[in-house]
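Number of protein chains: 2
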Amino acid sequence: MTAEDRITEVLRRLDTGQDDARARLFELLRIPSISAQPAHAPDCAAAARWLVHEFAAIGFETALRETPGHPIVTGYYPGPDPATTGATVPHVLFYGHYDVQPADPLELWTSPPFEPQMVEGPHGPRIVARGAVDDKGEVVAFLCACRAWYLATGSLPIRITLLIEGEEEIGGPNLDHFMAEHRAELKADIALISDTNMWDIATPAITTQLRGMVYVQIDLVGPSRDLHSGSYGGAVLNPINALTRILGDLHDAEGHVKIPGFYDGVAEVPPAQAAQWEALGFDEAAMLAGIGLSVGAGELGRSALEKLWARPTADLNGIWGGYTGIGAKTVIASEAHAKLSFRLVPGQNPETVLAGLREFITDRTPPGARITLQEFGGNPGVAVPTEGPFMSAAIAALTDEFGKAPVLMGCGGSIPVVGSLKSLLGLDTILMGFGLEDDQIHSPNEKFEWRCFEGAARSHARLLGKLGAMT
Amino acid sequence: MTAEDRITEVLRRLDTGQDDARARLFELLRIPSISAQPAHAPDCAAAARWLVHEFAAIGFETALRETPGHPIVTGYYPGPDPATTGATVPHVLFYGHYDVQPADPLELWTSPPFEPQMVEGPHGPRIVARGAVDDKGEVVAFLCACRAWYLATGSLPIRITLLIEGEEEIGGPNLDHFMAEHRAELKADIALISDTNMWDIATPAITTQLRGMVYVQIDLVGPSRDLHSGSYGGAVLNPINALTRILGDLHDAEGHVKIPGFYDGVAEVPPAQAAQWEALGFDEAAMLAGIGLSVGAGELGRSALEKLWARPTADLNGIWGGYTGIGAKTVIASEAHAKLSFRLVPGQNPETVLAGLREFITDRTPPGARITLQEFGGNPGVAVPTEGPFMSAAIAALTDEFGKAPVLMGCGGSIPVVGSLKSLLGLDTILMGFGLEDDQIHSPNEKFEWRCFEGAARSHARLLGKLGAMT
Chain U
1 MTAEDRITEV
11 LRRLDTGQDD
21 ARARLFELLR
31 IPSISAQPAH
41 APDCAAAARW
51 LVHEFAAIGF
61 ETALRETPGH
71 PIVTGYYPGP
81 DPATTGATVP
91 HVLFYGHYDV
101 QPADPLELWT
111 SPPFEPQMVE
121 GPHGPRIVAR
131 GAVDDKGEVV
141 AFLCACRAWY
151 LATGSLPIRI
161 TLLIEGEEEI
171 GGPNLDHFMA
181 EHRAELKADI
191 ALISDTNMWD
201 IATPAITTQL
211 RGMVYVQIDL
221 VGPSRDLHSG
231 SYGGAVLNPI
241 NALTRILGDL
251 HDAEGHVKIP
261 GFYDGVAEVP
271 PAQAAQWEAL
281 GFDEAAMLAG
291 IGLSVGAGEL
301 GRSALEKLWA
311 RPTADLNGIW
321 GGYTGIGAKT
331 VIASEAHAKL
341 SFRLVPGQNP
351 ETVLAGLREF
361 ITDRTPPGAR
371 ITLQEFGGNP
381 GVAVPTEGPF
391 MSAAIAALTD
401 EFGKAPVLMG
411 CGGSIPVVGS
421 LKSLLGLDTI
431 LMGFGLEDDQ
441 IHSPNEKFEW
451 RCFEGAARSH
461 ARLLGKLGAM
471 T
Chain L
1 MTAEDRITEV
11 LRRLDTGQDD
21 ARARLFELLR
31 IPSISAQPAH
41 APDCAAAARW
51 LVHEFAAIGF
61 ETALRETPGH
71 PIVTGYYPGP
81 DPATTGATVP
91 HVLFYGHYDV
101 QPADPLELWT
111 SPPFEPQMVE
121 GPHGPRIVAR
131 GAVDDKGEVV
141 AFLCACRAWY
151 LATGSLPIRI
161 TLLIEGEEEI
171 GGPNLDHFMA
181 EHRAELKADI
191 ALISDTNMWD
201 IATPAITTQL
211 RGMVYVQIDL
221 VGPSRDLHSG
231 SYGGAVLNPI
241 NALTRILGDL
251 HDAEGHVKIP
261 GFYDGVAEVP
271 PAQAAQWEAL
281 GFDEAAMLAG
291 IGLSVGAGEL
301 GRSALEKLWA
311 RPTADLNGIW
321 GGYTGIGAKT
331 VIASEAHAKL
341 SFRLVPGQNP
351 ETVLAGLREF
361 ITDRTPPGAR
371 ITLQEFGGNP
381 GVAVPTEGPF
391 MSAAIAALTD
401 EFGKAPVLMG
411 CGGSIPVVGS
421 LKSLLGLDTI
431 LMGFGLEDDQ
441 IHSPNEKFEW
451 RCFEGAARSH
461 ARLLGKLGAM
471 T
């Protein structure tokens, strides 16, 4: 077969194998692999085993690797026979994650989060389930692309190493250690990750800039027990008052974060990049309308894309304390708690941000309040190169598939592993993802357009072919 | 029998009837009459029926009166035969409440909140249960005093009207209407309430000043759904950020409440009263040590008793929103909520405080946030006369029982009915209660010292005797 015949056959197999692909993805989606909740640890292990089995079935040497937390799935495919393809072929490390976010609030789901459904939407059928796109759908699209190559040609055209973890949604506490311990095994030419968005349903994208994150829980304890607000109110520390007073001071009137040193190392967007983003014609009003809002927020005088892609944030992700039931209870709670995270941009140091936060809190802690900070991982923002042969192959694959060149964009989210792949393994990463902004990841009714899933599988198949032809 | 013989016999009956009294109180404590929680409505009705039955058994005409919420128990005892005691006898309206606070957090109770226990403490045995003192224990002490009179002498020495509600802990939404509708039936000479504290275990007290309250729930809605903090953070309204920013601004650096007009009508404590309170030698350090604190809080430059009895407050009683489970979830919640209450002092108008709060919130509501206020009742602070024949009788009864005169004190808590009794029925109130500061009302492990319960029953019995002798 010629290279062209082969990719034609691979794509044909993907097109005719959609029922099989969907059944495969639904199997994985039915496993509630919520990494944040200890009760779901067995489900995380089950999802890992599922991947071990599926990739082994198409010629990968796979393994389930224990960690102090949830297991990591590794795999290795040695490439086609060197005799027929040349001495070396490109070696790609594919990273993904099988864990998902908690599904609450459950009552807002239209169907149970771990009972995947095909639902008709404006772009045709879509899959509704927790993890539909983030990241199970993306990983299974890659699996299906490999599978189609394997079935159509008897082998995959390049060398592939798999690294699929189960703790991405909780900050990946064990991944860096694993990568550092297994540097030789994880050696490759380039990393590939599918965990980002397209520009829109018709326009592919490669993400070249990611925000990092620092995530903490703040626990404030005051009186040793809950108190009657009549008997004590006005004369003793109220932990909820104290916590809201501290956290309510996080931003100034113009939306800047007031933590000391927070903006150290944050650069303005270079004019060329700003112009490129401006040219994208991002529709802020439509973005806001999609979430029921008509006005933006955040730092005064900056564009929405700049705020999302190139500016750091301080967002409270949860807060709780005292009486939260129906009606009135006149209690002064003994404790108050909050979860707080910062999105970081390239140049910011997570340690500096944490140190600044500690200083910020200490400066505002009233007498009698005992505050502790629990840290849930931190990682810097990352920028990846926008040129090179691998990036060119990815751009060409997406262009072939979608009939237009991908947008090179920033991303407001964090994929900490991108920084680790660079610092620990020396690898640059191609971030080629197929989600849409309205996929409701981390929210009720997360979905993945079937059209995007198919585009993902076909694009990965094309990319494998282009990389195989690079030798 | 002489008057002296009669009270001696009544007190003897109380002393020998302690097992019976305890069994009676335990019956009532086992009914989980939590007024705030709709699921417990049948329990509220059961507690009301229990009282109807118990007071009927000692000669009261009792009735269970339906309201739009939980029922009110009324009762009437016409007094002894006029032929033997003179044309008229004093007429006392006894007010109490059978409802209790929610019991959460359940895990902090040493025994189940609705399975009362006798536990040995530093002052002898104590009853541990939700409602042990607030207000079931106090009501049953009065019941036992009446019962002892009835059994010892065949009748009660005065006329008594009962008014025992089931919505005190939720702001009594239906009581005022009931009182206004039944003015004639509730006519009396003086009101008597047992729902306050002693000065200490050896020193009785009559409360002459109470704080009022305004209680609201604040609901802030932003985006129409939960969002991924990476995809949206920095460019859209975060409801938890917004709510903490508003509520964190409630106080200035010196502890004053910043709501416009909040201090309108708040008077300084008259020098004579301030001197009297000063002379009480209140041990602020001991109060703080009892709740695990070593420093006070609140308005700068004011004494603890002044802050507790004569200064208004703004306390957050609960707050919630976003992810509150284990670990990290990078969500921007769609909504955030808080419960906020204000303790008011005489002179403050609840409507003015509410209007000021609305203005305060409106001034700080960021674009895109929709805020609603749910009100859970409001009532002004109250001061009651410290002189007159009824007050003299109460002081004498307590002095006889405890061997020392009662302290005339303020109270940081709210008993809204005191204001209503005055405004709707023209009645002054004697607040003669037997709780202790460390009774942990509204907290886990609420307790009532048995010694205080006995002192309560015996003091009520003495007061009935003194009032009966007033004719």
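Going line by line, the protein sequences match chains U and L.
Quick note on numbering: the numbering used here labels position 315 of the first sequence as 315, and the sequence is numbered without any gaps.
Quick note on numbering: the numbering used here labels position 284 of the second sequence as 284, and the sequence is numbered without any gaps.
Every residue gets a Cβ at the ideal spot worked out from N, C-alpha and C, and that includes glycine.
Note that the structure is a prediction, hence the values are computed from the model and not measured.
Top-ranked residue by Cα proximity to residue i, from the options
{"i": "Leu305 (chain U)", "options": "U:Ile170, U:Ile319, U:Ala279", "result": "U:Ala279"}
{"i": "Asp135 (chain L)", "options": "L:Trp450, L:Leu464, L:Gly433", "result": "L:Gly433"}
{"i": "Glu359 (chain U)", "options": "U:Gly347, U:Thr372, U:Gly368, U:Gln348", "result": "U:Thr372"}
{"i": "Leu354 (chain L)", "options": "L:Gly212, L:Ser229, L:Gly468", "result": "L:Gly212"}
{"i": "Asn238 (chain U)", "options": "U:Ser334, U:Gly172, U:Gly296", "result": "U:Ser334"}
{"i": "Glu61 (chain U)", "options": "U:Leu106, U:Leu162, U:Met118, U:Lys447", "result": "U:Leu162"}
{"i": "Leu421 (chain U)", "options": "U:Glu268, U:Asp438, U:Asp189", "result": "U:Asp189"}
{"i": "Leu464 (chain U)", "options": "U:Ala47, U:Arg22, U:Val89, U:Gly255", "result": "U:Val89"}
{"i": "Pro38 (chain L)", "options": "L:Gln101, L:Ala148, L:Ile158", "result": "L:Gln101"}
{"i": "Ile415 (chain L)", "options": "U:Tyr98, U:Gly230, U:Ile158, U:Pro68", "result": "U:Gly230"}
{"i": "Arg302 (chain U)", "options": "U:Thr324, U:Gly325, U:Ala274", "result": "U:Ala274"}
Within 8 Å, strictly: CB atoms of residue i and residue j
{"i": "Pro312 (chain L)", "j": "Gln348 (chain L)", "result": "yes"}
{"i": "Leu108 (chain U)", "j": "Pro223 (chain L)", "result": "no"}
{"i": "Arg343 (chain U)", "j": "Gly412 (chain U)", "result": "yes"}
{"i": "Leu424 (chain U)", "j": "Val384 (chain U)", "result": "no"}
{"i": "Gly261 (chain U)", "j": "Gly356 (chain U)", "result": "yes"}
{"i": "Glu401 (chain L)", "j": "Arg458 (chain L)", "result": "yes"}
{"i": "Gly381 (chain L)", "j": "Pro346 (chain L)", "result": "yes"}
{"i": "Arg130 (chain L)", "j": "Ala103 (chain L)", "result": "yes"}
DSSP state of residue i mapped onto helix, strand, coil
{"i": "His97 (chain U)", "result": "strand"}
{"i": "Ser423 (chain U)", "result": "helix"}
{"i": "Tyr76 (chain L)", "result": "strand"}
{"i": "Ala191 (chain L)", "result": "strand"}
{"i": "Lys447 (chain U)", "result": "strand"}
{"i": "Lys339 (chain L)", "result": "strand"}
{"i": "Phe360 (chain L)", "result": "helix"}
{"i": "Tyr232 (chain U)", "result": "helix"}
{"i": "Ala314 (chain U)", "result": "coil"}
{"i": "Ala205 (chain U)", "result": "strand"}
{"i": "Asp283 (chain L)", "result": "coil"}
{"i": "Gly468 (chain U)", "result": "helix"}
{"i": "Ala300 (chain L)", "result": "Here the sequence assigns Leu to residue 300 (chain L), which means Ala is not the residue at that position. Coil."}
{"i": "Val331 (chain U)", "result": "strand"}
Residues near residue i by beta carbon distance below 6 Å, same chain, minus five either side
{"i": "Gln18 (chain L)", "result": "none"}
{"i": "Ile170 (chain L)", "result": "Ser35, Ala36"}
{"i": "Lys339 (chain U)", "result": "Gln217, Asn317, Gly318"}
{"i": "Asp226 (chain L)", "result": "Val331, Ala333, Ser334"}
Limits of the beta strand (DSSP E) - the one that residue i falls within
{"i": "Pro125 (chain U)", "result": "124-128"}
{"i": "Gln440 (chain L)", "result": "Looking at the DSSP string, Gln440 (chain L) is not in any beta strand (DSSP E), and its letter there is neither H nor E."}
{"i": "Asp219 (chain L)", "result": "212-221"}
{"i": "Val119 (chain U)", "result": "117-121"}
{"i": "Val407 (chain U)", "result": "407-411"}
{"i": "Gln374 (chain U)", "result": "370-379"}
Residue i: first and last residue of the uninterrupted alpha helix (DSSP H) it sits in
{"i": "Arg159 (chain L)", "result": "It is not in any alpha helix (DSSP H) - Arg159 (chain L) instead sits in the beta strand (DSSP E) that spans 159-165."}
{"i": "Asn241 (chain U)", "result": "239-247"}
{"i": "Gly137 (chain U)", "result": "136-153"}
{"i": "Ile395 (chain L)", "result": "389-402"}
Residues near residue i in its chain [Cβ-Cβ closer than 7 Å; skip 5 each side]
{"i": "Glu138 (chain L)", "result": "Gly96, Ser194, Asp195, Gly433, Phe434, Ala456"}
{"i": "Gly233 (chain U)", "result": "Ile332"}
{"i": "Asp315 (chain L)", "result": "Ser341"}
{"i": "Glu27 (chain L)", "result": "Trp50"}
Neighbourhood of residue i by C-beta, 8 Å cutoff - its chain only, sequence neighbours within 5 removed
{"i": "Arg24 (chain U)", "result": "Glu54, Val140, Leu143, Cys144"}
{"i": "Tyr150 (chain L)", "result": "Ile58, Gly59, Leu156"}
{"i": "Pro71 (chain L)", "result": "Cys44, Ala45, Ala48, Leu64, Arg65, Gly166"}
{"i": "Leu247 (chain U)", "result": "Ile218, Leu316, Ile319, Ala338, Leu340"}
{"i": "Val257 (chain L)", "result": "Leu250, His251, Tyr263, Pro312, Thr313, Ala314, Phe342"}
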